[in-house]
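Below is one structure, written out as structure tokens; comments come after it.
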Amino acid sequence: MSFVSARIGYRYSKTKISSSFIALINFFSVLGLCLGVAALIVVLSVMNGLEDQLKQRILGVVPHIFITQPLLNPVINQLKPELQDSIIATMPFIERQALVQSAQDLSGVSLQGVEPDTMQHYSSLNDHFVFNDLAVLVPKQYNVVIGYALARKLNVQVGDTMRLILPSSSRFTPLGRVPTQRNVTVGGIFNLQSVEDSQTIFMHIDDVHRLARIKYTPSQPQTSDSTRWFISDPFAYAELSAALNALSIPHTTWRERQGPLFDAVKMEK
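So this is what it looks like as structure tokens:
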């Protein structure tokens with residue numbers, strides 16, 4: 570069948586000039602085919618570039634494996650050697666849903682308590698700062714770094730003060746039980762050009778534990794609320810996740826958090 574198709578195509582591509590109508594059809598057919606293939610190549614290239622950018626910007630910041638219990642080295646030791654090698658770093662971590670309020674607006678965010686040194690070495694967040702970097706996150710200073718989109722919405726700049734409210738943590742006052750809140754200072758602004766710019770703020774892990782009223786000892790990572798794992802290939806999370814399930818370790822992966830976005834890009838392709 571392929572030989573017959575090739576012979577017919579070759580025959581009509583060599584149509585004599587006298588057959589002007591067939592020659593015209595042949596010209597526009599070939600032109601349409603070329604334009605269609607060119608458009609397909611361009612669109613696929615753009616979508617592949619978008620996917621690569623999303624991988625670098627989002628997967629370089631979000632937790633690859635998020636374990637909802639303190640860091641336990643024996644857990645890592647129970648994994649297969651090849652899975653242990655895929656874990657390039659672990660970090661005590663805490664995440665809370667919070668509200669941030671400026672003089673102009675109010676917004677719900679994900680407050681993430683991190684170790685600045687570990688984040689600088691194993692995440693790409695520092696590569697996307699517009700003002701300052703993670704070094705501004707110093708314990709007991711209550712500095713935060715926020716996304717560019719959130720900074721525009723709240724109309725704040727570096728050095729401005731915002732009110733941070735944690736609905737999940739509360740304290741008793743003469744007026745009753747009220748959510749924990751504190752004024753924090755904008756220490757830096759990053760621009761990932763993704764949804765994280767408007768939904769995530771980072772603070773030193775010591776300060777977040779203090780706000781959440783959780784006793785935490787920096788020299789004892791196992792006292793942290795939860796643990797974040799960095800893995801060498803974020804797309805090889807499935808086997809590691811299966812191993813953690815076999816050990817009954819509660820966890821989530823980046824796929825559960827960011828999967829719908831990458832699925833949408835894949836569908837568009």
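Using the numbering used here, the first residue of the sequence shown is number 570, and each one after it goes up by one. Heads up, the beta-carbon is just placed ideally off N, CA and C, and yes, glycines get one too. Note that this is a predicted model, so its numbers are computed, not measured.
- [ ] With a threshold of 16 other CB atoms inside 10 Å of the CB of ARG746, please say whether the residue is buried or exposed.
- [x] Within the sequence shown, the letter at position 177 stands for residue 746. Here ARG746 is exposed, its C-beta having fewer than 16 other C-beta atoms within 10 Å.
Task: Chain-order list of residues whose beta-carbon lies under 7 Å from that of VAL630 (same chain, five-residue window excluded) - done: Taking the sequence shown and counting its residues from 1, one reaches residue 630 at position 61. These residues qualify, in order along the chain: SER692, SER693, LEU694, LEU761 and GLU765.
Open item on the list: Rounded to the nearest angstrom, what separates GLN653 and ASN814 at their Cα positions?
Closed with: Working through the sequence shown from its first residue, we reach residue 653 at position 84. Working through the sequence shown from its first residue, we reach residue 814 at position 245. Near 15 Å, if we compare the C-alpha coordinates of ASN814 and GLN653.
Task: Option in ALA781, PRO819 and ILE818 with minimal Cα separation from ILE663 - done: On the sequence shown, residue 663 is found 94 positions in, with the first residue counted as 1. Distances from the CA of ILE663 to each of ALA781, PRO819 and ILE818 were compared; the closest alpha carbon is that of ALA781.
- [ ] Measure the Cβ-Cβ separation of ILE774 and VAL683 and say whether it is below 8 Å.
- [x] Position 205 of the sequence shown holds residue 774. Position 114 of the sequence shown holds residue 683. Yes. Within cutoff.
Task: Beta-carbon contacts of ARG740 that lie in its chain and below 7 Å, excluding the five residues immediately before and after - done: The residue given as residue 740 occupies position 171 in the sequence shown. Excluding residues within five positions, the ones whose Cβ falls inside 7 Å are VAL747 and THR749.
- [ ] Please list, in chain order, all residues of the same chain as VAL699 whose beta carbon is under 7 Å from its beta carbon, the five residues on each side excluded.
- [x] Residue 699 sits at position 130 when you count from the first residue of the sequence shown. Cβ within range, chain order: TYR717, ILE758, PHE759 and ASN760.
TODO: Helix, strand or coil for LEU899, going by three-state DSSP, please let me know.
DONE: A query on residue 899 cannot be resolved here, the shown segment of the chain reaching from 570 to 838 and no further.
- [ ] May I have the straight-line CA-CA distance separating LEU719 from LEU733, to the nearest angstrom?
- [x] Numbered from its first residue, the sequence shown carries residue 719 at position 150. Numbered from its first residue, the sequence shown carries residue 733 at position 164. Roughly 14 Å between the two C-alpha positions.
TODO: Could you check the C-alpha separation between THR754 and LEU648 for me, to the nearest Å?
DONE: The residue you call residue 754 lines up with position 185 of the sequence shown. The residue you call residue 648 lines up with position 79 of the sequence shown. One Cα belongs to THR754, the other to LEU648, and the distance between them is close to 41 Å.
Task: CB of PHE771 within 8 Å of CB of VAL714, strictly - done: In the sequence shown, counting from the first residue as 1, residue 771 sits at position 202. In the sequence shown, counting from the first residue as 1, residue 714 sits at position 145. Yes; because the gap between Cβ atoms is below 8 Å, this pair is in contact.
- [ ] Would you list the residues sitting across from VAL683 in a DSSP beta bridge?
- [x] In the sequence shown, residue 683 corresponds to position 114, counting from 1. Answer by DSSP bridge pairing, in chain order: HIS773.
Open item on the list: I'd like to check one pair, VAL678 with GLY756: are the Cβ atoms closer than 8 Å?
Closed with: In the sequence shown, counting from the first residue as 1, residue 756 sits at position 187. In the sequence shown, counting from the first residue as 1, residue 678 sits at position 109. Taking 8 Å as the Cβ cut-off, GLY756 and VAL678 do not qualify as a contacting pair.
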